[in-house]
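Read in our numbering, the sequence shown has 213 at position 204, and its numbers run on one by one without any break.
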Amino acid sequence: MTPGKNSDIFDLLRRIQTGDTQVREDFLSEYMPFVAKTAMNMCKRPLEWENSDELSISLIAFNDAVDTYDLDKKVPFLPYARIVIQNRLKDHFRKEARHNSDCPLETETFEGKLLSPAEVQSAWEDYRNRTIEDERREELEDYEELLKTFGIDFEALAEVSPKHTDSRKSLFRAAAMLVRDRETMDYLLKKKQLPVSKLMFKTGINRKTIEKGRKFIIATALVFYYPMKFPYLRSYINPDGAH
Numbered sequence: 010m011t012p013g014k015n016s017d018i019f020d021l022l023r024r025i026q027t028g029d030t031q032v033r034e035d036f037l038s039e040y041m042p043f044v045a046k047t048a049m050n051m052c053k054r055p056l057e058w059e060n061s062d063e064l065s066i067s068l069i070a071f072n073d074a075v076d077t078y079d080l081d082k083k084v085p086f087l088p089y090a091r092i093v094i095q096n097r098l099k100d101h102f103r104k105e106a107r108h109n110s111d112c113p114l115e116t117e118t119f120e121g122k123l124l125s126p127a128e129v130q131s132a133w134e135d136y137r138n139r140t141i142e143d144e145r146r147e148e149l150e151d152y153e154e155l156l157k158t159f160g161i162d163f164e165a166l167a168e169v170s171p172k173h174t175d176s177r178k179s180l181f182r183a184a185a186m187l188v189r190d191r192e193t194m195d196y197l198l199k200k201k202q203l204p205v206s207k208l209m210f211k212t213g214i215n216r217k218t219i220e221k222g223r224k225f226i227i228a229t230a231l232v233f234y235y236p237m238k239f240p241y242l243r244s245y246i247n248p249d250g251a252h
């Protein structure tokens, strides 16, 4: 998903929730790899769309997540959708009497006593919170490793981040343009260098601003380019310059 267009994930979700069926179909199709990856991670085995109940259940759960997602909340959509899929699969495992081996969170104690609904809900909340915390940590670790390949120290990003709103807006605009243009983004990914001249031409931003904000532009562009890999980081970035 590239920023600055109607294809932004939140704009798409808003359109879907107001009844745009074509956008829904396109959205579900685009995120089928995400659905499959989530399901296979839960099932601990390869799955195929042609003959997998788990994948069908997961896609239905993803569709439900689209409908139930609260756009006003600060939680990114993809982690929310992942939790919905995981919970739906856990229900499936229990119904199939396979939850003892497939589901890490059971509704019975080791003594065989049934947990109360309140205890089950509390356990689910704890599991969800721990999952999100773990995902955030893993996401930051992956991001740090990716930045290193571009010669950027994650800890030093705060020092090079622009302090003024207008400057941030300009650099966000440069990062967005970089991601939207396949040729310039391919150049960045292959050469590990920012195509300064092309960005100047396409954005009208002067060389000094682009070169001074080089690390910030690259770091931001990578988050824009890999929204499924860095959903939490993407949710923190406001292209209008507020963050």
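Cβ atoms here follow ideal geometry from the backbone N, Cα and C, with glycine treated the same way. Nothing here was measured: the structure is a model prediction, and the numbers come from that model.
For H101, the secondary structure class from DSSP, reduced to helix, strand or coil, is helix. Look at K224 here: in three-state DSSP terms it is helix. Residue nearest to I25 within the set V75, K221, S38, C52 is V75 (criterion: CA-CA distance). Bounds of the alpha helix (DSSP H) holding P240 are 240-245.
I66 and Q31 have their alpha carbons spaced roughly 21 Å apart.
In the three-state scheme derived from DSSP, where H, G and I count as helix and E and B as strand, T140 is classed as helix. I161 has its alpha-carbon roughly 17 Å from the corresponding atom of F239. The Cβ atoms of F159 and I227 lie closer than 8 Å to each other.
The beta-carbon separation of L22 and L68, rounded to 16 Å, does not stay under the 8 Å limit for a contact.
Measuring C-alpha to C-alpha distances from H173 to each of M194, L203, T193, G222 identifies G222 as the nearest.
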